[in-house]
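In order, the protein sequence lines correspond to chains A and B.
Under my numbering, the final residue of the first sequence carries the number 270; numbering is consecutive throughout.
Under my numbering, the final residue of the second sequence carries the number 567; numbering is consecutive throughout.
Backbone N, C-alpha and C define an ideal beta-carbon position, used for all residues, glycine too.
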Amino acid sequence: MMRRWTVTLLAAFVALVTIAPLLWMVSVSFMAPGEAARFPPPLLPENATLENYRQLFGTYGALRFLANSLLVSTLATTLALLFTVPAGYAFAKLRFRGRDATFRLLVAALVVPAQIGMLPLFLELKAMGLVNSYAGALVPWLAGIFGIFLVRQYCLSIPDEMLEAARIDGAGEGAILRRIVLPVLTPIIVTLALFVFLSSWNDFMWPLIILADQRLYTLPVALAALSREHVQDNELMMAGAVVTTLPVLILFLALQRFYLNGLLAGSVKG
Amino acid sequence: MNAGRHGQARAGWVMTGPALTAILVFFILPAAASLALSFTDFDIYALADTGNLRFVGLQNYERLLENPLFWKATTNSLLFVAIGTPFIVVLSLFAAMLVNSRWLAWRPLWRVALFAPYVTTLVATAVVWRYLLHTRYGLVNYLLSLVGAGPVDWLGSPTASLPAILLFVGWKSFGYNMIIFLAALQTVPRELEEAARIDGAGWFARLRHVTLPAIAPTVLLVSVLTVAAMFQLFTEPYVMTQGGPAQSTVTILYFMYEEGFKWWNLGSGAAVAFLLFLCILAVTLMQLRLAKRGGAI
């Protein structure tokens, strides 16, 4: 009994230390401008105010960046699912020549970090006229090897007899994918959608490179630009950080089961 | 049946075609082109008119080797790898062991709390940590002052800036590794540890002789992933220190970004990218060899 309390208290302490920066971020975002520049640092706002959020959305037009982020992440998720789910299924369940060799090549390509090709990709998109556009920002999400991998892993557990029975009934391959396979895949599709949405929302380096026009900025790019100009305005920056990170944090908390299970399927079994 | 085979083959290519094309055009081709680009003098003039493009052989590499900032960036990245990898692996393992403890109540709650930083937006939490590490008003220095230490000029001194960023990176990423470790720890039979305990083995002895050997392949996996992540630090220095002070936090990727997209030396930037890839590959292969010799895999 004693041991149970010690371990649980220790875990509670570690958890508190871990989420303290996030709690403090929220708390400071409600402080009046300049209030947080004190020693010792105040933990709670004296008079909670929405001034920083008003400034963020009023003066700095954060609503536009929020909408940009929502648009880019939603499109990235939709496109990634359209491209990777059928491919993952085909690599697991359809027999065609060159399948295994192609898949082995894909697995080998996972070793190459995406940043290696960033400069040529920029030139390629410039030639295609996609620099400084959402299309350019979305392109990397079409080429999601990890997603194919994840879906394939999951599809391997679908019994072949189920597919064969449908084939004997005369169903085409496309119909089998839509009517029989997709319903079974729902959990992994939710997981993959969550992965892509969160990663594209949080992504920084590629949108920074490809989006030059400030009106196209996603939240992280806009926040980074703002934070370079307003180094001293802690309260405003914390409000910006809250607006940027709260949507994905809430999404994760709501769907954490899918996220954590998928993480294990992708990293350990793979 | 024959028609079915044929239908499957066609459907196979139809379903994989779009993804494979995208991967080829937007991932494999650019990665390969990086090597080709690194042998050219592609710069702002070539960007305006490709007629100005020349093949320069290994000149970009020669110039990089003579550039002190490139060496500074490489040294910094190697420091991040050398200090950051053990720091993060140990942190994650301890967190996993704590959450895996059989005396722990409300396990799912702690698991989610410890994982939460991983899903937050990197730029946003980097901004938060820049403030937490503020020399005068930061919470970190306040806590240090309570025990009579500090104040440390975390992001303003060339010696403290790298550990400061690692502190943030550790906080941000340990949850991910913790989940992987947790899955491995759950496969270690409790009886094994129990037997060692009855034999009088202390906590550290059990960790060393029972737990670690059982999860060795996972330790290797997590280390390989962490090394790659340490080589790819970019946003952290970009937001928190802008590579400073005195270039103490310029990483290879940060250097590549500036070379390519600030100075528009794309040829030279591609050479940096290729060298970065070689670095990651070399360290990963070295880890695999060490693991093989140690019998982990």
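Cutoff 6 Å; reference residue i; Cβ partners in own chain excluding five residues on either side
i	result
Leu208 (chain A)	Val221
Thr218 (chain A)	Asn68, Ser69, Val72, Pro207
Leu23 (chain A)	none
Ala32 (chain A)	Thr49
Residues near residue i by beta carbon distance below 7 Å, same chain, minus five either side
i	result
Gln55 (chain A)	Leu236
Gly270 (chain A)	The predicted position of Gly270 (chain A) is uncertain, since its pLDDT is 38 and thus under 50; a value taken from the coordinates is nonetheless stated next. Closer than 7 Å at the Cβ level, and outside the excluded window around Gly270 (chain A), lie Phe149, Gln153.
Ala484 (chain B)	Val458
Val480 (chain B)	Leu462, Glu463, Ala466
Asn322 (chain B)	Tyr315, Ala316
Ala366 (chain B)	Met448, Phe451, Leu452, Leu455
Helix, strand or coil at residue i [DSSP, three-state]
i	result
Pro258 (chain A)	Checking the sequence shown, residue 258 (chain A) turns out to be Phe, not Pro. In this structure, Phe258 (chain A) counts as helix in the three-state DSSP scheme.
Phe325 (chain B)	strand
Thr218 (chain A)	coil
Thr310 (chain B)	strand
Tyr407 (chain B)	coil
Asn337 (chain B)	coil
Glu46 (chain A)	coil
Ala471 (chain B)	coil
Phe65 (chain A)	helix
Met367 (chain B)	helix
Thr485 (chain B)	A small fix is needed here, since residue 485 (chain B) is Ile in this sequence, not Thr. Here Ile485 (chain B) sits in coil by DSSP.
Glu528 (chain B)	helix
Ile158 (chain A)	coil
Trp24 (chain A)	helix
Arg372 (chain B)	coil
Trp206 (chain A)	helix
Asn447 (chain B)	helix
Val7 (chain A)	helix
Met128 (chain A)	coil
Ala15 (chain A)	helix
His230 (chain A)	coil
Val542 (chain B)	helix
Leu503 (chain B)	coil
Arg83 (chain A)	Here residue 83 (chain A) is Phe; the residue named in the question, Arg, does not match the sequence. In the structure shown, Phe83 (chain A) sits in a helix (DSSP, three-state: H, G or I).
Asp423 (chain B)	coil
Glu463 (chain B)	helix
Gly136 (chain A)	helix
Leu251 (chain A)	helix
Beta carbon proximity, residue i to chain B, threshold 8 Å
i	result
Val139 (chain A)	yes
Tyr89 (chain A)	yes
Glu51 (chain A)	no
Ala241 (chain A)	yes
Glu46 (chain A)	no
Phe282 (chain A)	Since the first and last residues shown for chain A are 1 and 270, residue 282 (chain A) lies out of range.
Ser27 (chain A)	no
Ala35 (chain A)	For the sequence presented, residue 35 (chain A) should be read as Glu rather than Ala. Taking Cβ atoms only, chain B never reaches closer than 8 Å to Glu35 (chain A), which makes this a no.
Thr74 (chain A)	no
Inter-residue CB distance, residue i and residue j (contact presumed, cutoff 8 Å)
i	j	result
Ala241 (chain A)	Val397 (chain B)	5 Å
Leu374 (chain B)	Ala92 (chain A)	The pair is not a contact, with the Cβ atoms about 37 Å apart (cut-off 8 Å).
Asp296 (chain B)	Ala143 (chain A)	Looking at the sequence provided, one finds Phe at residue 296 (chain B) rather than Asp. Indeed they touch by this definition, with Cβ atoms about 5 Å apart.
Val492 (chain B)	Ser308 (chain B)	Val492 (chain B) to Ser308 (chain B), Cβ: 32 Å. No contact.
Ile522 (chain B)	Phe501 (chain B)	7 Å
Phe340 (chain B)	Phe525 (chain B)	6 Å
Pro300 (chain B)	Glu124 (chain A)	6 Å
Ala80 (chain A)	Gly147 (chain A)	6 Å
Residue burial classification, residue i (beta-carbon count within 10 angstroms, cutoff 16)
i	result
Trp376 (chain B)	exposed
Thr553 (chain B)	The question names Thr, yet the displayed sequence has Val at residue 553 (chain B). Per the 10 Å Cβ criterion, buried.
Gly358 (chain B)	With the sequence shown as reference, residue 358 (chain B) is identified as Ile, and Gly is not the correct amino acid for it. So Ile358 (chain B) counts as buried.
Asp233 (chain A)	buried
Pro387 (chain B)	buried
Phe325 (chain B)	exposed
Trp533 (chain B)	exposed
Gly282 (chain B)	buried
Val111 (chain A)	exposed
Cβ of residue i within 8 Å of any chain A Cβ
i	result
Arg406 (chain B)	yes
Glu315 (chain B)	In the sequence under discussion, the amino acid at residue 315 (chain B) is Tyr, which differs from the Glu named in the question. No - not a single Cβ of chain A is within 8 Å of the one on Tyr315 (chain B).
Pro387 (chain B)	yes
Trp424 (chain B)	no
Gln557 (chain B)	no
Tyr401 (chain B)	yes
Gly564 (chain B)	no
Gln502 (chain B)	yes
Gly282 (chain B)	yes
Ala279 (chain B)	yes
Met285 (chain B)	yes
Cβ-heavy atom distance, residue i to the ligand NAD, below 7 Å
i	result
Thr554 (chain B)	By its list of ligands, the structure shown contains no ligand whatsoever, and the ligand NAD lies outside what it can speak to.
Same chain, Cβ closer than 8 Å to residue i, neighbours up to 5 away in sequence not counted
i	result
Arg372 (chain B)	Arg460
Per-residue contacts from residue i into chain E (C-beta, under 7 Å)
i	result
Ile550 (chain B)	Here the protein chains are A and B, and chain E is not one of them.
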